[in-house]
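Numbering (our numbering), first residue to last: 138 to 528. Report on the following structure.
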């Protein structure tokens with residue numbers, strides 16, 4: 138969707154940068170409403186996306202439907218005649234990657250493809266760290282341990298065929314530049330089927346005008362008092378995002394000294410967690426998130442897989458240090474002055490880090506805000522524009 142989520146905000150932000158230099162932009166989206174102020178194009182329809190999703194769940198051939206929608210997209214692009222094409226995630230039940238990349242190879246138009254996850258070089262999954270799978274390195278996919286995880290297949294396992302098709306489609310493009318949000322993902326690409334392409338790291342930025350320390354009465358409202366507040370945020374919470382690790386922390390820490398708040402929980406998940414956790418559902422209010430980040434003493438992100446979690450940056454921008462696992466690109470967002478990185482599942486190390494950081498101090502808050510200032514989204518949009526200029 139354009140305008141919402143990290144990818145939507147990057148799309149609009151880079152568009153604004155291009156427009157500010159007198160360029161022209163056509164934003165193509167798979168779902169969501171048209172965003173005013175831009176030339177928009179909707180790929181396919183809700184019915185087409187629904188059918189694509191149903192067929193994917195049966196056949197495990199995600200990304201090979203929506204042929205007519207993709208052909209219409211190509212016709213639009215041929216009419217528009219762009220100087221450059223920027224791709225983000227092309228999974229999501231709205232485009233046929235085989236039709237699209239066959240055309241890209243023939244069109245000769247420079248392509249920048251930002252990969253926000255690992256789907257482009259695996260036989261099925263968008264992430265594999267949680268399972269510790271490395272079959273994507275040599276294409277020996279199948280049977281896929283992530284078959285029932287997005288893009289889920291409830292019946293078939295076509296991971297080996299998917300890998301082969303992706304390799305045929307995604308390799309051999311003359312003018313393709315890859316971009317990743319993290320050094321971690323860039324390193325993974327060097328061992329993948331996409332190793333032939335140049336890779337540039339452009340970190341995902343945050344809005345420093347929004348994420349900043351603010352005053353709040355959350356502690357009074359929720360009865361937290363002067364306890365050390367540990368905050369966790371996920372959308373959605375799952376075991377691979379560390380939901381049960383947060384539960385274990387709640388059972389090991391003294392509730393008289395520590396309070397734990399988890400934001401983004403489903404109702405069913407709330408019933409599974411210990412009673413001494415403050416359980417908060419999904420929120421679309423950025424202002425509410427900023428209040429929680431500002432009120433917290435420590436932001437805890439026990440993720441088992443992540444490309445480049447901007448929640449770590451958002452917390453630091455609000456002056457709050459971070460504890461996270463050594464997973465994906467998450468450690469890249471933290472340094473010795475702004476938090477602690479531990480090994481996965483090492484709750485003893487997490488508790489030691491919590492005791493080390495303790496109550497938020499002005500010094501560490503300043504260090505956190507300084508580090509977050511390096512990720513101003515306006516600078517990242519400018520990096521994209523400079524890359525386009527070079528190409």
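Think of the CB as a built atom: it goes at the ideal place given N, C-alpha and C, for glycine as much as any other residue.
Asked, Found
"Helix, strand or coil for residue 330? Go by DSSP, reduced to three states.", "coil"
"Since residue 482 is in the alpha helix (DSSP H), which residue starts that stretch and which ends it?", "No alpha helix (DSSP H) holds residue 482; DSSP gives it neither H nor E."
"Determine which residues share a DSSP beta bridge with residue 166 and list them.", "179"
"Nearest-angstrom Cα distance between residue 335 and residue 325?", "13 Å"
"In chain order, what residues of the same chain have a beta carbon less than 7 Å from the beta carbon of residue 203, not counting five sequence neighbours either side?", "181, 185, 189, 231, 232, 233"
"Report the option in 504, 487, 489, 315 whose CA atom is closest to the CA atom of residue 452.", "504"
"Taking 8 Å as the threshold, find out whether the stretch 461 to 478 comes into contact with the stretch 358 to 365 through three or more Cβ pairs.", "no"
"Taking buried to mean at least 16 other C-beta atoms within 10 Å of its own C-beta, is residue 265 buried or exposed?", "buried"
"Quick one: what's residue 286 bridged to in DSSP?", "Answer is none; residue 286 lacks a bridge partner."
"My assumption, with CB atoms under 8 Å, is that residue 440 sits in contact with residue 346. Please give the rounded CB distance.", "26 Å between Cβ atoms; not a contact."
"Could I get the ranges of all uninterrupted alpha helix (DSSP H) runs contained in the stretch 334 to 385, with 4 residues as the minimum, in chain order?", "355 to 358"
"Within this structure, are the beta carbons of residue 298 and residue 282 separated by less than 8 Å?", "no"
"Just to confirm, is the Cβ distance from residue 518 to residue 151 under 8 Å?", "yes"
"Since residue 464 and residue 443 are thought to touch, with beta carbons under 8 Å apart, how far apart are those beta carbons, to the nearest angstrom?", "6 Å"
"Using a Cβ-Cβ cut-off of 7 Å (strictly less than) and excluding sequence neighbours within five positions of residue 454, which residues of its own chain qualify?", "343, 345, 348, 349, 506, 509"
"Here's a check: name, in chain order, each residue in its chain whose Cβ is nearer than 6 Å to the Cβ of residue 529, leaving out the five neighbours to either side.", "Nothing about residue 529 can be reported from this structure: the residues present for the chain run from 138 to 528 only."
"Is residue 186 helix, strand or coil by DSSP?", "helix"
"Entirely within the stretch 407 to 486 and at least 4 residues each: give me those alpha helix (DSSP H) ranges in chain order.", "423 to 432, 447 to 454"
"Identify the continuous alpha helix (DSSP H) that holds residue 240 and give its terminal residues.", "234 to 244"
"Quick check: what's the CA-CA separation for residue 319 versus residue 221?", "23 Å"
"Look at the alpha carbon of residue 187 and the alpha carbon of residue 418, and state the distance between them as a whole number of angstroms.", "27 Å"
"So does the stretch 193 to 209 actually touch the stretch 282 to 291, counting three or more Cβ pairs closer than 8 Å?", "yes"
"For residue 612, report the span of its beta strand (DSSP E) as first-last.", "With the chain covering 138 to 528 only, the question about residue 612 has no answer from this structure."
"Taking only the alpha-carbon atoms, compute the straight-line gap between residue 260 and residue 448 and give it to the nearest angstrom.", "28 Å"
"I need the DSSP call for residue 222, collapsed to helix, strand or coil.", "strand"
"Taking the C-alpha atoms as reference points, what is the distance between residue 396 and residue 512?", "29 Å"
"Does the stretch 429 to 438 come close enough to the stretch 406 to 416 to have 3 or more Cβ pairs within less than 8 Å?", "no"
"I'd like the list of long-range same chain contacts for residue 209, defined as Cβ closer than 6 Å, with 5 residues on each side in sequence excluded.", "none"
"For residue 388, list the residues DSSP reports as bridge partners.", "Partner(s): none; residue 388 has no beta bridge."
"Using the three-state DSSP reduction, which class does residue 121 fall into: helix, strand or coil?", "Residue 121 lies beyond the stretch modelled for the chain, which goes from 138 to 528, so this question has no answer here."
"Which of the three DSSP states, helix, strand or coil, is assigned to residue 397?", "strand"
"Taking the Cβ atom as the reference point for each residue, do residue 431 and residue 353 lie within a distance shorter than 8 Å?", "yes"
"In terms of DSSP beta bridges, what is residue 172 paired with?", "DSSP lists no partner for residue 172."
"Could you check where the beta strand (DSSP E) with residue 251 kicks off and where it finishes?", "248 to 251"
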